[in-house]
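So the structure is just underneath, and the comments pick up after that.
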Amino acid sequence: MKNLLLAVSLLLTTSLCVSQENPENQEPEKRDITQNELSINAFNLVAFGIIEITYERVIDENSTWAIEGFIHPSKDSYIDEAYYKDISLTGKYKHFFSSDYARGFYVNAFGMISNGEYETDYYYSEFTDDYVYETEDYTDFAIGFGLGGKFVSQGGFMLDLNAGIGRNLLSDNSPTVVGQFMVNLGFRF
C-alpha cells in the first residue's frame, strides 16, 4: 500500500511540474520567431581584407535562402592565389537537418556569378629571367553545394560555419573549380 501511495503522489507531483512548464505559456525565444539574418564573413575580412556580406531569410524551420555579395577591394599577390574573383554574387538554398528553427547542421546548393582575372598561360622570359603569366578577364556562372552548421544564441547572435565547392560552366578563361570557406558572424532579427 505504501508503494502504491508513493507512486501516485510521485505521478501527481511530476504532472503538476510538467504542466507548469508548458511551452504555450512561455514566450518563444527571439531566435525561433525572427526570419532575417545579416552577417559578414569574418574569416575573409581578417585574413584577406575581403568584404563578403550575407543576407539570409528563413523560409520555414528547415530551410532558408540567402544572397551573398563578395568584393575583393585590393589586389595583393598572395590573395590572388586564394581568390581569382574580384566580385561575385551568390544565391543559396539551405536545408537544415535538426528540429531547431533554422539552425544546426545543413547542406546547401548555390549558384554564383563571378568576375575576375585568371591566369591562362605562362612562359619563361630570358629578358626578366622569370616566368611571365598571361591573364584574361572572365565572367562566369558556377553551381555547387556545401555543408555547414549554424549556431544561434537566444538573443539572436549567430555563427555560421560553411564550406562548399562548385564548378564554373560558361567560360574557358575562368577557374574550373570555385570554393567557399565561410566563418560568418551576424545577427538574426
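All the letters of the sequence shown, read from the start, carry residue numbers -19 to -1, 1 to 170 under mature numbering (1 follows the signal peptide of the UniProt record, and there is no 0).
Beta carbons: idealized from backbone N, C-alpha and C, even for Gly.
Counting C-beta pairs closer than 8 Å gives fewer than three between the stretch 98 to 118 and the stretch 73 to 87, which falls short of the contact rule.
For residue 151, the secondary structure class from DSSP, reduced to helix, strand or coil, is coil. Comparing alpha carbon positions, the residue from 159, 35, 28 closest to residue 120 is 159. Membership of residue 89 in the beta strand (DSSP E) is indicated by the continuous run 85 to 106.
Looking at the backbone, the Cα of residue 51 and that of residue 97 are separated by about 12 Å.
For residue 168, the enclosing beta strand (DSSP E) begins and ends at 158 to 169.
The beta carbon of residue 20 is closer than 8 Å to those of 34, 35, 37, 139, 141, 165, 166, 167, 168 in its chain, skipping five residues each way along the sequence. In this structure, residue 163 lies away from residue 149, with their beta-carbon atoms at least 7 Å apart. DSSP, reduced to helix, strand and coil, places residue 143 within a strand of the structure shown.
Of the candidates 10, 92, 44, 92 places its Cα closest to the Cα of residue 72.
Taking residue 155 as the centre and dropping the five residues before and after it, the same chain places the C-beta of 99, 119, 121, 149 closer than 6 Å to its C-beta, in chain order. Following the DSSP letters along the chain, one finds residue 77 inside the beta strand (DSSP E) bounded by residues 66 to 77. With contacts defined as CB atoms closer than 7 Å, residue 147 and residue 123 qualify as a contacting pair.
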